[in-house]
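Report on the structure given below.
There are 2 protein chains.
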Amino acid sequence: MINTLYLPELREMLETHNSQGLRDFCEAIHPARAAEFMAGLTSEEAWEVLQHGDNELRVDIFSYFGKVKQLEILETQAIEQVAEMVAELPPDDRVDLLQEISPQRLELLLSLLPIEERRDFQRLSQYPEGTAGAVMTTEIAKLSELLTIREALNEIARQSEDYETIYYLYIVDDEDHLRGLVSARQLLTGMKHPETKLYEIMDTDLITVDALDHQEDVANKVAKMDLLAIPVVDNQHKMLGIITHDDVIDVLREEATEDAHRIGAVEPLDVSYLRTSLLTLTWKRGIWLAILFFFALLTAIAIQEYEDQIEKWVWLALFIPLVISSGGNSGSQSATLIITALSRGHITLSDWLRVVVRELMMGLLLGAGLATMGYCASIFFVPDHVALLNATMFVVPLTLLLVVMCGTLTGSILPLVFEKLGWDPAMMSTPFVAGIVDILGILIYFNVAIRFIG
Amino acid sequence: MINTLYLPELREMLETHNSQGLRDFCEAIHPARAAEFMAGLTSEEAWEVLQHGDNELRVDIFSYFGKVKQLEILETQAIEQVAEMVAELPPDDRVDLLQEISPQRLELLLSLLPIEERRDFQRLSQYPEGTAGAVMTTEIAKLSELLTIREALNEIARQSEDYETIYYLYIVDDEDHLRGLVSARQLLTGMKHPETKLYEIMDTDLITVDALDHQEDVANKVAKMDLLAIPVVDNQHKMLGIITHDDVIDVLREEATEDAHRIGAVEPLDVSYLRTSLLTLTWKRGIWLAILFFFALLTAIAIQEYEDQIEKWVWLALFIPLVISSGGNSGSQSATLIITALSRGHITLSDWLRVVVRELMMGLLLGAGLATMGYCASIFFVPDHVALLNATMFVVPLTLLLVVMCGTLTGSILPLVFEKLGWDPAMMSTPFVAGIVDILGILIYFNVAIRFIG
């Protein structure tokens, strides 16, 4: 998806050192578009183009580059200029990037950063990946409650460039304890009474998150409350940072893709599909295929136990895929429903009994449906000297009913158990559900067969 | 997840008609929290509580209620009061709700709405579900480019309550053609020069969407550009509405859950898991189980063709689940990766050749891995009078290699084909991939067996 529209012109301007043209390019169009047009350039060329915008624009356009190009620039381009730009990056993005460059380069870069940015990096990089602390930004508009609306407006006007958002203003005391929130909207509508103090209009019933909360929980909170940003506090309610709506969107998409990958039995990728190397992909898929292979081997061992039966009634073999896939599919349906409901907060662990009862009922209904279809199928596949009401005709239907119930039960209980144990239910459930249900399916099938025909 | 903390108090206040207490409850806490505390009340009780806040608060709290309760209130409570509140709802939420109430009630309600809100509803409800037009809101701050910063600030201060966001101000001409964008941040930092005209500072390189664009594409655009809101225009670039960051979050979560459900072979649910009736769930799962059942029957027919071989070499039956699951799993991995990459915009149709070649390579690597494991398994399961290098020992490994390659190919090509045809790749791919790969797997397996042993 490389936009080649401007590529020849950009390259020509670079060759002819057309500074004016390159500056115009940087300044005239939206930074996101500029980055898009530069996607076809090498990281060296891209960095050279960026030198023609001012530092603010440079940061803006750079932040829309793909991560691979960003890292290449940080690793290879002249360290002083790179450090100058890194100092201006939003703190959360800075941490994300710096954590992926080589240790030597990182040390060099840090030594060139202003002391405040360096400390900020050290503080932020302590939070484990996936926590609120690791996503938050520290460039927040913090004000004293004793300011008037007029003073607050002047303050923002003066400093707005330093803040990631000026639409939520946080009111803190001398020790940075969070006291309240005033929105830019409140300030603007309050301009008629410019001498009003902030404490008179501030909202004090605040929704906050802890720095160690999981990013997915944070994102769910922001989504539920329709917030622009959410403050991150420590256990003494001291203000550490904020997480803004655009970070929340990134978190939600990342988590949703991870969930989908796990449901599809792929270890989540760190970068996009085409950027992931073949070997990494092989590993991330191979590990699950190997686990599932192992389960299938157990199924083979289970079938081996019944080789005599298969030899006697070969038609039993025909239904092995049907039995296995019916159990596996109903199980993975249940697992998918429970996993997504858990991750969206539609159910919690305390609902477990309701969920299990529901899934049992579902298993009964779906199993009965498949059993009916299984009976009809038996008419065609079971050797034709068997009468319609002979016990043999009921082997497949009864198996299907039991297997589907077994699938919905396993598919609903396993994710709940994983959630209870503090493991990611999406991470392990679906393959395990398939594995367990496959083996149980074979055992049910041949036991029913032995009872009914044997 | 019903919060029962305030329930007894609320009920007591209702019984004793404690207006002051109920007003305090509505006013003192965040509307989202108030709604949470009221989750245990009946819709009648909840509505009665809301009567104690002013209309603005009523709308705020109401908008955090669950959809079931919202609809119950609209359907059953006194129509005049309901209409008064409906008139104040954000236009996009209003359309969402009104489209689900009974036609008679809708007619009554519409007749009680102010003419402007009624027209607005009629206009918005024309857009098909899932389009930008159906998600957008029409309460936008539109200004003329000839205003000065001071005039613009006054204008917002005066009218801010009418707009969903005042942080992006849209500049339009007399006929509502979109000309530019000024952010509240620009206005605030520009206060030092209050006589500057808006056209001097407005941003004219705007990112817009068409009213008929799919909501998922819109959400992806907003996410990519880190926007607070995106304007919706018609084909003459007339401004129709905006879609704000909170709507984008809702769209992204909705789409991600739908994708996950489809990957798990469940028709996406309209409401949350516990609120979906058993019958609806049965239908949404049963339809896919039935389709997959049909595929499994085709597999049975395929196996039937080879009954003679199974009778001769019963051990072949042991590996049927292994062959089928290896193909199915590698296929669903590929499908999952391609579907998520497509929906996040990481690949497009033009990448098809690269994707297919990658998946073929993956198939080779993964298939070779599974084949090695399959050879080891053969040592245990193939009857022991066969020598280690006898052709029979290679039936399972070769089958696995071919089946996995067949899985990765089908799993990557089908979603691309569905995308090309304009169908949702997530909607149909995974079950189809499983079905096709299962049958091909059986055909490959027995053909390899016949060549090598027969």
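Just so you know, the protein sequences line up as chains A and B, in that order.
Per this note's numbering, the very first residue in the first sequence carries number 1; after that it's consecutive.
Per this note's numbering, the very first residue in the second sequence carries number 1001; after that it's consecutive.
Beta carbons: idealized from backbone N, C-alpha and C, even for Gly.
Quick one: does residue i have its CB under 8 Å from some CB of chain B?
i, result
"A:Q333", "yes"
"A:M1", "Legend: pLDDT at A:M1 = 44, less than 50; position of this residue unreliable, value from coordinates given subsequently. Closer than 8 Å: yes."
"A:A256", "yes"
"A:G53", "no"
"A:I217", "In the sequence under discussion, the amino acid at residue 217 of chain A is Asp, which differs from the Ile named in the question. False, the Cβ-Cβ gap to chain B never drops below 8 Å."
"A:F418", "no"
"A:D205", "yes"
"A:M202", "no"
"A:A317", "yes"
"A:R33", "yes"
"A:K67", "no"
"A:L5", "no"
"A:D424", "no"
"A:V433", "no"
"A:M373", "yes"
"A:D60", "no"
"A:R123", "no"
Under 8 Å, Cβ to Cβ, is there at least one residue of chain A near residue i?
i, result
"B:N1329", "yes"
"B:L1370", "yes"
"B:A988", "Outside the shown range of chain B, which is 1001 to 1454, sits residue 988 of chain B, and nothing can be said about it."
"B:M1362", "yes"
"B:A1211", "no"
"B:Q1304", "yes"
"B:A1132", "no"
Report yes if the CB atom of residue i is closer than 8 Å to the CB atom of residue j, and no otherwise.
i, j, result
"A:H346", "B:L1274", "yes"
"B:E1145", "B:G1180", "yes"
"B:Q1304", "A:F381", "yes"
"A:V386", "A:F452", "no"
"A:L57", "A:V49", "no"
"A:V448", "A:T399", "yes"
"A:V232", "A:M136", "yes"
"A:T138", "A:D120", "yes"
"B:T1408", "B:S1330", "yes"
"B:T1148", "B:P1194", "yes"
"B:I1450", "B:T1299", "no"
"B:V1182", "B:I1166", "no"
"B:D1311", "A:V314", "Residue identity differs from the one stated: residue 1311 of chain B is Glu in this sequence, not Asp. In this structure, A:V314 lies closer than 8 Å to B:E1311 by Cβ."
"A:L112", "A:I79", "yes"
"A:I287", "A:E258", "no"
Let me make sure I understand the geometry here. Which of the options has the alpha-carbon closest to that of residue i?
i, options, result
"A:G130", "A:A219, A:L389, A:L278 and A:G374", "A:A219"
"B:Q1186", "B:E1056, B:L1153, B:I1115 and B:E1175", "B:L1153"
"A:M405", "A:D438, A:F65 and A:F418", "A:D438"
"A:P397", "A:G367, A:G411 and A:T410", "A:G367"
"A:L487", "A:P431, A:L402, A:V68 and A:G264", "Any answer about residue 487 of chain A is impossible in this case: the structure gives chain A only from 1 up to 454."
"B:G1327", "A:P321, A:T392 and A:W423", "A:P321"
"B:G1422", "B:R1011, B:G1374, B:T1348 and B:I1061", "B:T1348"
"A:L178", "A:D205, A:E267 and A:R158", "A:D205"
"A:L278", "B:W1352, B:M1361 and B:A1223", "B:M1361"
"A:D351", "A:E419, A:N390 and A:A391", "A:E419"
"B:D1234", "B:A1132, B:A1087, B:L1316 and B:A1434", "B:A1132"
"A:G53", "A:V68, A:E44, A:L22 and A:V82", "A:L22"
In the DSSP output, which residue or residues are listed as bridge partners for residue i?
i, result
"B:V1209", "B:V1232"
"B:T1244", "B:A1229"
"A:L57", "According to DSSP, which records beta bridges pairwise, A:L57 is partnered with nothing at all."
"A:K142", "A:Y170"
"A:H237", "DSSP lists no partner for A:H237."
"B:G1180", "B:I1171"
"B:H1385", "In DSSP, B:H1385 forms no bridge with anything."
"B:H1052", "Bridge partners of B:H1052: none, in fact."
If I'm right that residue i touches residue j with Cβ under 8 Å, what's the distance once you round it to whole angstroms?
i, j, result
"A:A35", "A:Y64", "3 Å"
"B:T1430", "B:A1296", "With a Cβ gap of about 15 Å, B:T1430 and B:A1296 do not count as contacting."
Does the ligand PLP have even one heavy atom less than 7 Å from the beta-carbon of residue i?
i, result
"B:A1134", "Of ligands this structure carries none, so the ligand PLP is not represented either."
Spell out whether any CB of chain E is found under 8 Å from the CB atom of residue i.
i, result
"B:M1136", "This model lacks chain E altogether, as its protein chains are A and B."
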